[in-house]
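Q:
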Amino acid sequence: MKKRFVFRFSPDTVKKPLMSYLVREFNIDVNIWNADISYGREGKLVVELEGDENSIEKGLAYARSIGVNCSPSIKELQFNREKCINCGSCTSVCFYGALQINQESWELNYDPEQCVVCGLCIKACPLQLFSISREEE
Ligand code: SF4
Ligand code: SF4
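Numbers given in my numbering equal positions in the sequence shown, counted from 1, plus 594.
(1) Assuming P706 contacts K597 under a Cβ cut-off of 8 angstroms, what Cβ separation, rounded to an integer in Å, is found between them?
(2) What do you reckon, are the CB atoms on N625 and V641 nearer than 8 angstroms?
(3) Cβ of I679 within 7 angstroms of any heavy atom in ligand 2?
(4) Would you be able to state if there are at least three C-beta pairs under 8 angstroms between the stretch 703-719 and the stretch 676-686?
(5) Give me, in chain order, the residues of the same chain whose beta-carbon lies closer than 8 angstroms to that of K652; leave out the 5 immediate sequence neighbours on both sides.
(6) Assign A692 to one of three DSSP states: helix, strand, or coil.
Okay, structure coming up:
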């Protein structure tokens, strides 16, 4: 199972080494997608957790037990595929391989599994076909 979460830290909880603990104690692979965090201040991490469902549930329960607010990330890239003219402009800014031109059909392939919702493609598309759904604050 692979799932994205938003972790919110208070000034106190931000001092605790949560990510390494999740890896070590619950055998969860942690991929940090976005970090807005500083020692001693409120902070937020967007992370992708990969592991078996039970381990992830236990890891989340542990995080909550030490005061970290964990919620599923609902931030997603919206793509208006019908209007795409396959110009390829967006592929040059997508460093994660989520946007690629198919070398046979010359059509744009968008793979949501690879997308980290960085938003770089939003400005790159001349037709403004990308947008990001708002994450809950
Ligand atoms: S949001 Fe970022 S990762 Fe996702 S498709 Fe756009 S450029 Fe690629
Ligand atoms: S930049 Fe826009 S129009 Fe061009 S391939 Fe990407 S999504 Fe399609």
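A virtual CB, placed ideally from N, CA and C, is assigned to each residue, including glycine.
Since the structure is predicted, the reported quantities are computational estimates derived from the model, not experimental observations.
A: By the coordinates alone:
(1) As a working note, residue 706 is residue 112 in the sequence shown. As a working note, residue 597 is residue 3 in the sequence shown. With a Cβ gap of about 13 angstroms, P706 and K597 do not count as contacting.
(2) As a first step, residue 625 is located in the sequence shown; it is residue number 31 there, counting from the start. As a first step, residue 641 is located in the sequence shown; it is residue number 47 there, counting from the start. Yes. Within cutoff.
(3) As a working mapping, residue 679 is identified with position 85 in the sequence shown. Yes, the Cβ of I679 comes within 7 angstroms of a heavy atom of ligand 2.
(4) yes
(5) In the sequence shown, the residue the question calls residue 652 occupies position 58. So the list reads F620, once near-sequence residues are dropped.
(6) Translated into positions along the sequence shown, residue 692 becomes position 98. Residue state, collapsed to three classes: coil.
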